[in-house]
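Visitor:
Numbering (the numbering used here), first residue to last: 3 to 228.
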């Protein structure tokens, strides 16, 4: 164990580049998660609301949204990221770096989170929704004060799963120059045959996933008053 630690600490790439790569991963995942939350939550609520058994049924809108969400979810992420390179360049000005990675990460994950939100609010007891409507609550109030409030622990769990998925996707976009731990592991660990860099990067990714899961589970339990 001592020899392994000595090898890791003496590895220039690990000691000099690992902190920067970790920060890049945290930045791209954090900003992408914020975008996904801001856009994916209302999209998920809209999907539920316009469903045939939703608050404001609208079959054409439901069908169109369903097709768009399903198509984006069906595409393998790395293929989607490559296909979005022109869009990324138009928005960010470049297709390289962690800032550029935010575009495919967000677009690829918003539909995933939206479906999870839709499932979470669908599980809210119909009786609570009906009671709110009988009391004269508007559709907006029913959504915000009944659906979101009752489904909040499930939404938090869904967001936790989404952030963990973003961490995995952030490693994938490292293959196309996005920076972060994925780029470090592929470019310096795999391609240069340096197992110390490769496995150290993997360990850091596992630690990040574990921390997100623990924090997300704790928050979901705290919000669950059933």
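Just so it is clear, CB atoms sit at the ideal spot from N, CA and C, and this is done for glycine as well.
Note that the structure is predicted; figures quoted are calculated from it, not measured.
With a cut-off of 8 Å on the beta carbons, I'd call residue 169 and residue 177 a contact; round off their distance for me.
Guide: The count along the chain shown starts at 1 and reaches residue 169 at position 167. The count along the chain shown starts at 1 and reaches residue 177 at position 175. The Cβ separation is near 15 Å, so there is no contact.
Visitor: Which runs of the alpha helix (DSSP H) at least 4 residues long sit entirely within the region 196-225? Give them in chain order.
Guide: For the region 196-225, whole alpha helix (DSSP H) runs of length 4 or above, ordered along the chain, are 197-225.
Visitor: Near residue 12, which residues of its chain fall below 7 Å by C-beta distance, leaving aside the five closest residues on each side in sequence?
Guide: Numbered from 1 along the chain shown, position 10 holds the residue referred to as residue 12. With a pLDDT of only 41 at residue 12, under the threshold of 50, the placement of this residue in the model should not be trusted; the figure read from the coordinates follows. None.
Visitor: Pair every Cβ in the region 195-202 with every Cβ in the region 102-116, then say whether three or more of these pairs are closer than 8 Å.
Guide: The region 195-202 is not in contact with the region 102-116.
Visitor: Mind checking whether residue 47 and residue 141 have CB atoms under 8 Å apart?
Guide: Reading the chain shown from its first residue, position 45 is the one you call residue 47. Reading the chain shown from its first residue, position 139 is the one you call residue 141. No; because the gap between Cβ atoms is not below 8 Å, this pair is not in contact.
Visitor: Compute the Euclidean distance between the alpha carbons of residue 8 and residue 212, then round it to the nearest angstrom.
Guide: Sequence index remark: in the chain shown, residue 8 carries index 6 (1-based). Sequence index remark: in the chain shown, residue 212 carries index 210 (1-based). A caution first: residue 8 carries a pLDDT of 49, below 50, which makes its placement in the model too unreliable to give a value.
Visitor: Closest to residue 51 by CA distance: which of 225, 42, 145 and 92 is it?
Guide: Taking the first residue of the chain shown as position 1, residue 51 is located at position 49. When only C-alpha atoms are compared, the closest one is 145.
Visitor: What is the residue span of the alpha helix (DSSP H) that residue 106 lies within?
Guide: For the purposes of this step, residue 106 is taken as residue 104 along the chain shown, with counting starting at 1. 100-124 is the extent of the alpha helix (DSSP H) around residue 106.
Visitor: Just how far apart, CA to CA, sit residue 175 and residue 43?
Guide: In the chain shown, residue 175 corresponds to position 173, counting from 1. In the chain shown, residue 43 corresponds to position 41, counting from 1. Those two C-alpha atoms are separated by around 24 Å.
Visitor: Return helix, strand or coil for residue 20, following the three-state DSSP convention.
Guide: The residue you call residue 20 lines up with position 18 of the chain shown. Note: residue 20 maps to helix in three-state DSSP.
Visitor: Could you check how far apart the C-beta atoms of residue 112 and residue 41 are, in whole angstroms? I think they sit under 8 Å.
Guide: Position 110 of the chain shown, counted from the start, is the residue given in the question as residue 112. Position 39 of the chain shown, counted from the start, is the residue given in the question as residue 41. Yes, residue 112 and residue 41 are in contact; Cβ-Cβ is about 5 Å, under 8 Å.
Visitor: Out of 35, 220, 121 and 102, state which residue places its alpha-carbon closest to the alpha-carbon of residue 1.
Guide: The requested residue 1 does not occur in the structure, where the chain is confined to residues 3 to 228.
Visitor: Count the other CB atoms, across all protein chains shown, that sit within 10 Å of the CB of residue 207; report buried if there are 16 or more and exposed otherwise.
Guide: Position 205 of the chain shown, counting from 1, holds the residue named residue 207. By the neighbour-count rule (16 or more Cβ atoms within 10 Å), residue 207 is buried.
Visitor: Is DSSP giving residue 139 helix, strand or coil here?
Guide: For this step, residue 139 is matched to residue 137 along the chain shown. If DSSP states are grouped into helix, strand and coil, residue 139 belongs with coil.
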